[in-house]
RNA sequence: GCUCAUGUAGCUCAGUCGGUAGAGCGCAUCCUUGGUAAGGAUGAGGUCAACGGUUCAAAUCCGUUCAUGAGCUCCA
C-alpha cells in the first residue's frame, strides 16, 4: 500500500499509509489539547468524521469545539444517543424516524403508541448519561442499500426502509454506537463522551415527513453543548424569552386581551395598548406623508364579484371567510386591501405625468388561520396591515423599490431594528406575466438592493405567482428572526382590473403595481416590539411616559395642578395619589415600566418643581415643570429620529 | 385541522383516596400621612371552561365541545 501526505490547514504535514484514519492524522499533527477539541474534519470542504479512511493526499481542516459545525455534529450525535436511550428504556417496539440537529439543538421522531411524559424524560436522560459516561465510539459502515433494507425490514423499521428506498442510491452509510444502529449520513463525534451537557426540552407531535396524511410521530426536542456553562446560558436565554413573552407582558401591562367570548385570534386593545398603537400609527402616517405617500381608507367588505375579478377567490379563497347576504347580493370580508386601492385608481383616468402614485392605508383585514396556528398577537385572524400600493411605469420600478427600501429600513431602525436578513424571491414554476416582465422587474429589485448597498440572499422560485418579491426578516434583541416587511411586484392585478394610464404617446399603458408592507401587521409588529423591548418601551411610544407619585395627602392639590399642566402639554401622564407609602407606589410604577416617576413632596410643592426617578432606579435632581416638559419633548424627538 | 398537555377568584397557583373550594397578589372599607421596589386590620369576590354520563355523592372518574400551550403545517 502506498503512502499519502496529510497536512492540517496546509501547515504541518505527515506521511501515512493510505487508508489511515483521519483520527490518526489528527493525533499525529495536533497537540493533545487541540486533538481533544477536534470532533470532525473538513476534507475538500466536506465535513467528515474522524474515522474516515484517507485514500489520497489530503488537507484536513479540524472542526473543533467552539465552532458552529462542531456544535451541529455534537447535537446530531446526541440525537442518536437519545434514540439509543429511548430504545433501551422502552424497547425496540419503539420505531425511529429521523433525528437531525436543528438551530438550537436537535430532535428525534419516534413512533410509539404511549405518549412520552416528563417522567419518561428523566429515565431517558439518566440512560443517556450512562451511555455518555461509557465513551462509546461512533462507528461508520458502508453497506449496500439492498442489505440495509433487508436489515431494517427485519427489524420493522419501516421509516428507515422508506428513506433508503427514496434515496435511490446503491450504498448507504450506517452509524453505530453501542446497541443502536442508524441510517445516517453523519458525521458524528468520535465517541459519546464528547457530550458534556444536554437536556431534553419537550415533546410534540410531528407528522412523518411533515405531511399530515402520514403517521403522527412523537418528536422529542433537546439541546446539547460541549460544556455545562453554555447549556446553562442557553437555558437562561429560554427563561429570558419566556419573561419577554408578549402574551404575558401584554396581560401584565394591560395592552391587549383575547377572549373566548369574542373569538380566537381576535385582538381587543386595552387603553394602554390602543395608545401604544396610536403612537405607532401616527409615526407611520407622518413618515409616509413626508415620503410623498397619500393616505387612503377603504371598507372592510366588498361584493363577492370583486374577489372573483381579483382572483382572490380562486387563489386565496381558503383563507377567506364565507360570504354574507346583503339584499340578495353576496359580500365578503377582505383578506387584502389591494382591490380597493385599485378601485380608487380606476375611479378616474391617469396621465404618465402623475406617475408614480403612492397610496398607503392601515387596512384591517381578516384571514382564516387554522386553529393550531393562532398565537397571541403574532398570528391572528383579524389584523391591520401597514399596506401601500405603488403604481408606476416600468422605468420607474427600480427607483420606487429603492425608495421603499429606504423608508422601510428607516422605520425599522426607528423601532430599534437594525439587523436583518434580506431575501429576493424569483419566479416560481407557476406564474403569470411575460418572461420579459419577470426578468426586468427581478433585475430592478436586484439593482435597487445593490444601490442601497444591501446584502441579500436569492430564494430561487419562491416568488409569488404574480411577481418577484423582497422579504426582510428583522432580528430582535434575543437574536430571533421575524419576517415583517415584504415588497412584491405584481403583473397580475393591473391586468385583471384593466388598469391603464395615458402615456406620452397618447396611448393606454398598463402600470406596474407594487404591494408592500413594512411592519407586516400592526398586531404582529407590536407583538415583536413587546418582546424586543421586554415591555420597556422607548419614551416616544411608551403609552405612559410619567406618573405622579405624591408622598402625603398635603400635596394632592399641587399634583392635580401639574397633572393638568402636563396633559395640556401633551405629556402622557398618570397620577397615583392613593393613600399608600412612597415605596409601594414606586414599586408599582417600576413594574409598569413607566419611564419617569415624578416624586412630589412638600419640597417640590414649595419650590414648584418635580423630582424624577427613572425606571432603571436612577434619580435626577428636581427640575421645573417647564424644563421637564421640554426634556420629554426633546427625548421623544431624538427617539423618533434615531 | 392533527398529536400530546392544560383549563379552579381579576392575576399567579394549591386542592391527597370522589364527600358541593383554598392561598398570595389585586380590589373595597377602616387605621396609618409614611421621601425612592410591598405598613396593618377587616371584608367582598367562584355554576371549579361548557354540555352530557357514571355514582348515594363529581373540581376530582368517563365522553363530547370550546379555548389555551408545545409542535406538525401555513404565513403577515
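In the working numbering, the protein residues as written are 47 to 688. Backbone N, C-alpha and C define an ideal beta-carbon position, used for all residues, glycine too.
Rounded to whole angstroms, what's the CA-CA distance from residue 105 to residue 91? Just pull it up for me. 10 angstroms
Among 604, 632, 116, 187, whose alpha-carbon lies nearest the alpha-carbon of residue 654? 604
Cβ distance (whole Å) where residue 238 is taken to contact residue 177 below 8 angstroms: Cβ atoms of residue 238 and residue 177 come within 8 angstroms of each other, at about 5 angstroms.
Nearest to residue 331 by CA position, among 540, 89, 409, 468, is which residue? 409
How is residue 464 classed by DSSP in three states: helix, strand or coil? coil
Between the CA atoms of residue 458 and residue 633 - distance to the nearest angstrom: 32 angstroms
Within this structure, are the beta carbons of residue 184 and residue 154 separated by less than 9 angstroms? no
The alpha helix (DSSP H) that contains residue 330, what's its start and end? Per DSSP, the unbroken alpha helix (DSSP H) holding residue 330 starts and ends at 317-336.
Would you please state the rounded distance, in angstroms, between the beta carbons of residue 621 and residue 659? I believe it to be under 8 angstroms. Wrong, their Cβ atoms sit about 15 angstroms apart, outside the cutoff.
Given a cut-off of 9 angstroms on the beta-carbon distance, is the pair residue 636 and residue 618 in contact? no
Quick one: using the 10 Å Cβ neighbour count with 16 as the cut-off for buried, is residue 118 buried or exposed? Within 10 angstroms of the beta-carbon of residue 118 lie 16 or more other beta-carbons, which makes it buried.
Between the alpha carbons of residue 52 and residue 103, how many angstroms are there, rounded? 6 angstroms
For the region 574-585 against the region 552-562, are there 3 or more C-beta pairs whose distance is under 8 angstroms? no
Extent of the continuous alpha helix (DSSP H) to which residue 605 belongs: 602-614
Is the beta carbon of residue 189 sitting closer than 9 angstroms to the one on residue 219? Judged by beta-carbon spacing, residue 219 lies within the 9 angstroms limit of residue 189, meaning their Cβ atoms are closer than that value.
Through-space distance from residue 673 to residue 381, alpha-carbon basis: Cα-Cα distance, rounded: 48 angstroms.
Closest by C-alpha distance to residue 449, when choosing among 353, 420, 338: 338
Give a yes or no on contact between the region 411-429 and the region 560-572, applying the rule of three or more CB pairs nearer than 8 angstroms. yes
With DSSP run on the structure shown, which of helix, strand or coil describes residue 396? coil
Cα-Cα, which of 539, 246, 316, 127 is closest to residue 354? 539
Might you give, ordered along the chain, the residues of its own chain that have their beta carbon closer than 7 angstroms to the beta carbon of residue 609, omitting 5 neighbours on each side? 594, 619, 621
Here's the rule I'm using: 16 or more other beta-carbon atoms within 10 Å means buried, otherwise exposed. How should residue 161 be labelled? exposed
Give me the DSSP bridge partner(s) of residue 593. 620, 643
Identity of the residue in 472, 497, 476 nearest residue 485 by Cα: 472
Between residue 427 and the rest of its own chain, which residues show a CB-CB distance below 8 angstroms, the 5 nearest in sequence each way excluded? 309, 310, 311, 312, 412, 413, 414, 415, 420
Buried/exposed call for residue 524, threshold 16 Cβ in 10 Å: exposed
Would residue 210 pass as a contact of residue 200 if the rule is Cβ separation under 9 angstroms? No, Cβ-Cβ distance for residue 210 and residue 200 is not below 9 angstroms.
With three or more beta-carbon pairs closer than 8 angstroms as the criterion, would you say the region 349-363 touches the region 320-335? no
Given 8 angstroms as the limit, is there contact between the region 234-249 and the region 264-276, that is, 3 or more CB pairs closer than that? yes
On the DSSP bridge list, what partners appear for residue 108? Residue 108 is bridged by DSSP to 87.
DSSP on residue 66, reduced to helix/strand/coil? In the three-state DSSP reduction, residue 66 falls in the coil class, being neither helix nor strand.
Residues bridged to residue 141 [DSSP beta-bridge criterion]: 157
Label residue 475 either buried or exposed according to how many other C-beta atoms from any shown protein chain fall within 10 Å of its C-beta, with 16 as the threshold for buried. Answer is exposed; the Cβ neighbour count stays below 16.
Let me confirm a value: residue 55 is counted as buried when at least 16 other C-beta atoms fall within 10 Å, else exposed. Which label applies? Exposed: under 16 other Cβ atoms inside 10 Å.
Report the rounded CA-to-CA distance for residue 390 versus residue 304, giving the unit in angstroms. 34 angstroms
Under DSSP, the alpha helix (DSSP H) around residue 384 begins and ends at which residues? Note, residue 384: alpha helix (DSSP H), 384-391.
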